Structure formats: C-alpha cells, structure tokens
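Colleague: The structure that follows is given in the form of structure tokens.
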Amino acid sequence: MNEDEKMDISTRPVGVFDSGLGGITVLKEMTRLMPGENFIFYGDSANAPYGEKTTQQIRQLSGRIVDYLLGRGAKAIVVACNTATSAAITGIRAAHPEVPVIGIEPAIKPVALAMPHKRILVMATQNTLSLRKYHALIEKYEDQADFTSLACTGLAARIEQGRFEDEDLMELLHSLLDPYAGKVDAVVLGCTHYPFIRRQIRAVLGDIPLYDGGAGTARELRRELEAGGTLNPAALGGRVEFVSSRNTEEELRLYRALYEMPIEA
Ligand code: DGL
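Residue numbering for the sequence shown follows our numbering, starting at 387 and increasing by one per position.
Right under this line is the structure:
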C-alpha cells in the first residue's frame with residue numbers, strides 16, 4: 387500500500403456494533419481517545435438482547451452487521467459487545483482477514499492485577515459466562531483473585547429500554563445484587579450495557595471499584611490502526627454516525643442522548 391492509499395483509508399470510518407445501545411459506552415471511550423477518527427455505530431436494538439440467543443443466531447446477526455459495515459467502507463470492526471465477541475469473533479476474523487477486528491472481554495485481567503486476592507463479582511449475560519472464551523479467561527486468573535460470576539438475566543434488556551431512573555430498574559438490581567452487598571470488593575461490568583448504570587449498581591453494592599473493558603478496547607483499536615498505518619491523522623473533528631436496526635427517529639434520538647450523557651467513572 388502506498389502513502390496515498392493509506393491516507394485514503396485513514397479517513398474511512400471504524401465500524402462498531404453491539405446488540406443494542408450498550409456499545410455506546412465503548413464508543414465513548416474510543417472517541418475520547420481518538421477524537422479525529424470517524425465512526426459508524428450500529429445498534430441491533432431490533433434483535434436485542436443477544437444474551438439469551440443461541441450462538442448460531444448471534445453469529446448470523448453479527449455476520450450481517452459486519453457485512454453492512456464493510457459495505458459502508460469500514461477500515462476496522464469493533465465488536466462492542468461481550469456476548470457477540472464470545473460467540474462470533476473467531477468466525478468474523480476468519481471471514482475478514484482484510485480488516486482488523488477488535489473485540490471486548492470482561493475486565494478480568496485488569497481487576498486481578500489491581501486487586502489481588504480480593505472478592506470480585508463478575509456481572510455479564512448468561513451467554514458470555516457459559517461460552518469457552520470466558521472459562522479460559524477465568525482459568526488464567528482464578529488463582530489471583532476470588533471470582534464469582536453472576537448471570538444478570540434481563541438486565542441488558544431492561545437497560546435497552548433507556549429510562550435508567552425508574553424504580554423497576556432498582557428493583558431488578560436489588561433482586562440480582564442484594565445477596566452480594568457488603569460481600570464483594572469490586573465488580574467487573576462484563577456487558578457493555580452496564581456502565582450506563584454504574585451509580586445504580588453502587589447504590590446497591592456500595593462505593594466499590596467497577597471495572598469494564600471499554601477503555602482497554604479503545605486502546606487496542608488505536609494500537610491496531612497505528613500498526614496498520616490507518617489511524618486518522620486528524621487530532622479533532624471526527625464524525626459519529628448512528629444506525630439502528632430498530633430504525634426509528636426515537637431510537638436514534640436515544641442513542642445520541644446516551645452518547646452525550648456523562649457516565650459516572
Ligand atoms: N451488550 C452486550 C454485551 O456486552 C449484550 C447485551 C445483550 O444483548 O444481552 O454482552
């Protein structure tokens with residue numbers, strides 16, 4: 387590839403997708419780190435949640451979205467969904483060796499390094515926790531901290547509706563998390579929807595550290611783009627386009643509002 391071609395590729399967008407709006411938490415980290423980069427964010431809200439679908443269904447849905455993003459000229463793909471990464475990333479990489487494909491996984495390694503021998507609660511979808519990728523990850527770090535995995539069935543679907551201040555969301559969180567209140571030292575948010583409700587999770591579990599994989603995924607994307615010589619050289623002014631399979635103006639308004647909304651650290 388000559389310098390002119392690289393220049394051209396660098397202005398092409400990074401394609402990002404999730405089962406719904408959760409991936410916006412990852413998108414925020416990426417645009418913060420690379421404000422000159424262009425992004426297309428695709429939320430598959432019409433088919434959310436992925437957490438309780440079959441692996442085969444997730445592979446099919448993800449494959450279609452990747453084809454769409456590549457058709458739009460994406461120079462890299464970010465799977466901003468722990469569930470889709472676990473179920474589908476190997477196949478996506480095999481089908482598209484021409485572009486970098488970056489995934490996200492629960493932040494087990496960062497928490498194990500930062501909080502050795504502590505009690506860690508891992509919140510994720512049933513699918514993420516049952517697939518092989520997660521077992522391999524836990525096996526690698528299980529001697530370094532005391533991990534408890536909690537399948538938060540229904541939580542991503544509830545977050546997908548927006549309205550994070552409603553009482554029924556707190557009720558759901560209490561039913562999932564009350565048994566762990568005062569008994570864990572940190573939490574891994576192993577689903578990209580969960581960082582939107584950090585404050586509500588702390589309201590149940592106390593003021594403890596919450597780890598997610600968003601910032602690490604953003605750094606990995608930058609490394610890959612740099613290595614391939616396709617990082618956009620612009621320091622500022624990147625564009626973000628939102629696309630949703632639930633193609634309504636109301637849904638896109640929700641995506642944009644969540645993208646603008648500050649999230650608690
Ligand atoms: N946001 C997705 C994740 O990170 C999954 C939510 C879902 O669709 O169940 O796992």
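Note that the Cβ used here is the ideal one computed from N, Cα and C, for glycine as well. Since the model is a prediction, treat every value here as computed from it, not as a measurement.
Decide if Lys569 is buried, meaning its Cβ has at least 16 other Cβ atoms within 10 Å, or exposed.
Modeller: Taking the sequence shown and counting its residues from 1, one reaches residue 569 at position 183. Label assigned to Lys569: exposed.
Colleague: Rounded to a whole number of angstroms, what is the C-alpha to C-alpha distance between Ala543 and Pro435?
Modeller: Indexing the sequence shown from 1 puts residue 543 at position 157. Indexing the sequence shown from 1 puts residue 435 at position 49. If you take the alpha carbons of Ala543 and Pro435, they lie about 6 Å apart.
Colleague: Taking only the alpha-carbon atoms, compute the straight-line gap between Thr616 and Arg518 and give it to the nearest angstrom.
Modeller: Looking up residue 616 in the sequence shown gives position 230. Looking up residue 518 in the sequence shown gives position 132. When the Cα atoms are used, Thr616 and Arg518 turn out to be separated by approximately 32 Å.
Colleague: Confirm, please, whether the CB-CB distance from Ala460 to Ile426 is below 8 Å.
Modeller: Translated into positions along the sequence shown, residue 426 becomes position 40. Translated into positions along the sequence shown, residue 460 becomes position 74. Yes.
Colleague: Quick one: what does DSSP say Ala477 is sitting in, helix, strand or coil?
Modeller: Residue mapping note: residue 477 aligns to position 91 of the sequence shown, counting from 1. Sequence inspection shows Gly at residue 477; the Ala mentioned does not correspond to that position. Three-state DSSP puts Gly477 in a helix.
Colleague: Please report the distance separating the alpha-carbon of Arg608 from that of Leu515.
Modeller: Within the sequence shown, residue 608 is the residue found at index 222, counting from 1. Within the sequence shown, residue 515 is the residue found at index 129, counting from 1. In a straight line, the C-alpha of Arg608 is about 27 Å away from that of Leu515.
Colleague: DSSP has Met647 in a bridge; who is on the other side?
Modeller: Reading the sequence shown from its first residue, position 261 is the one you call residue 647. DSSP lists no partner for Met647.
Colleague: When you compare the CB positions of Pro581 and Asp598, do they come within less than 8 Å of one another, or not?
Modeller: For this step, residue 581 is matched to residue 195 along the sequence shown. For this step, residue 598 is matched to residue 212 along the sequence shown. Contact flag set, yes.
Colleague: Assuming Tyr641 contacts Gly429 under a Cβ cut-off of 8 Å, what Cβ separation, rounded to an integer in Å, is found between them?
Modeller: As a position in the sequence shown, residue 641 is number 255, starting the count at 1. As a position in the sequence shown, residue 429 is number 43, starting the count at 1. About 6 Å; that satisfies the 8 Å criterion.
Colleague: Quick check: what's the CA-CA separation for Asn633 versus Asp529?
Modeller: As a working note, residue 633 is residue 247 in the sequence shown. As a working note, residue 529 is residue 143 in the sequence shown. Between Asn633 and Asp529, the C-alpha separation is close to 46 Å.
Colleague: Given a cut-off of 8 Å, decide if Met647 and Val573 are closer than it, judged by their beta-carbon atoms.
Modeller: Residue numbering aside, residue 573 sits at position 187 when the sequence shown is read from its first letter. Residue numbering aside, residue 647 sits at position 261 when the sequence shown is read from its first letter. By the CB criterion at 8 Å, Val573 and Met647 fall outside the cutoff.
Colleague: Do Ala470 and Ile488 come within 8 Å of each other at the CB atom, strictly closer than that value?
Modeller: What you label residue 488 is simply residue 102 of the sequence shown in a count that begins at 1. What you label residue 470 is simply residue 84 of the sequence shown in a count that begins at 1. Not closer than 8 Å, so no.
Colleague: Helix or strand or just coil, what does DSSP make of Leu407?
Modeller: Indexing the sequence shown from 1 puts residue 407 at position 21. In the structure shown, Leu407 sits in coil (DSSP, three-state: anything other than H, G, I, E or B).
Colleague: Is Cys577 near ligand 1, in the sense that its beta carbon is under 7 Å from a heavy atom of that ligand?
Modeller: Counting from 1 along the sequence shown, the entry for residue 577 is found at position 191. True, at least one ligand heavy atom lies under 7 Å from that Cβ.
Colleague: Is Pro581 near ligand 1, in the sense that its beta carbon is under 7 Å from a heavy atom of that ligand?
Modeller: To locate residue 581, count along the sequence shown from 1; it is residue 195. No, the beta carbon of Pro581 sits no closer than 7 Å to any heavy atom of ligand 1.
Colleague: Is Ala713 near Thr578, with beta carbons less than 8 Å apart?
Modeller: Outside the modelled stretch of the chain, which goes from 387 to 651, sits residue 713, for which no answer is possible.
Colleague: Starting from the C-beta of Leu456, find all residues in its chain whose C-beta is less than 8 Å away, skip the five residues before and the five after it, and write them out in chain order.
Modeller: As a position in the sequence shown, residue 456 is number 70, starting the count at 1. Result list for Leu456: Gly401, Ile463, His482 and Val485, in chain order.
Colleague: Taking the Cβ atom as the reference point for each residue, do Leu447 and Asn433 lie within a distance shorter than 8 Å?
Modeller: The count along the sequence shown starts at 1 and reaches residue 447 at position 61. The count along the sequence shown starts at 1 and reaches residue 433 at position 47. Yes; because the gap between Cβ atoms is below 8 Å, this pair is in contact.
Colleague: Just confirm the distance between the C-beta atoms of Ala480 and Tyr527, as a whole number of angstroms; I'd bet it's less than 8 Å.
Modeller: The residue labelled residue 480 in the question sits at position 94 within the sequence shown. The residue labelled residue 527 in the question sits at position 141 within the sequence shown. With 8 Å as the limit, Ala480 and Tyr527 do not qualify as a contact, their Cβ atoms being about 27 Å apart.
Colleague: In angstroms, rounded to a whole number, what distance separates the CA positions of Asn618 and Asp554?
Modeller: Within the sequence shown, the letter at position 232 stands for residue 618. Within the sequence shown, the letter at position 168 stands for residue 554. Looking at the two C-alpha atoms, the distance is approximately 43 Å.
Colleague: Quick one: is the Cβ of Ala432 within less than 7 Å of any heavy atom of ligand 1?
Modeller: As a working mapping, residue 432 is identified with position 46 in the sequence shown. Every heavy atom of ligand 1 is 7 Å or more from the Cβ of Ala432, so no.
Colleague: What do you get for Gln442, buried or exposed, if any count of 16 or more other CB atoms within 10 angstroms of its CB means buried?
Modeller: Residue numbering aside, residue 442 sits at position 56 when the sequence shown is read from its first letter. Looking at its Cβ environment, which holds fewer than 16 other Cβ atoms inside 10 Å, Gln442 is exposed.
Colleague: Mind listing, in chain order, the continuous beta strand (DSSP E) runs of no fewer than 3 residues lying wholly within the stretch 509-581?
Modeller: 532-537 and 572-575
Colleague: Quick one: is the Cβ of Asp598 within less than 7 Å of any heavy atom of ligand 1?
Modeller: Position 212 of the sequence shown, counted from the first residue, corresponds to residue 598. Checking the Cβ of Asp598 against ligand 1 gives no.
Colleague: Going straight from the alpha carbon of Tyr645 to that of Ser472, what length do you get?
Modeller: In the sequence shown, counting from the first residue as 1, residue 645 sits at position 259. In the sequence shown, counting from the first residue as 1, residue 472 sits at position 86. Those two C-alpha atoms are separated by around 25 Å.
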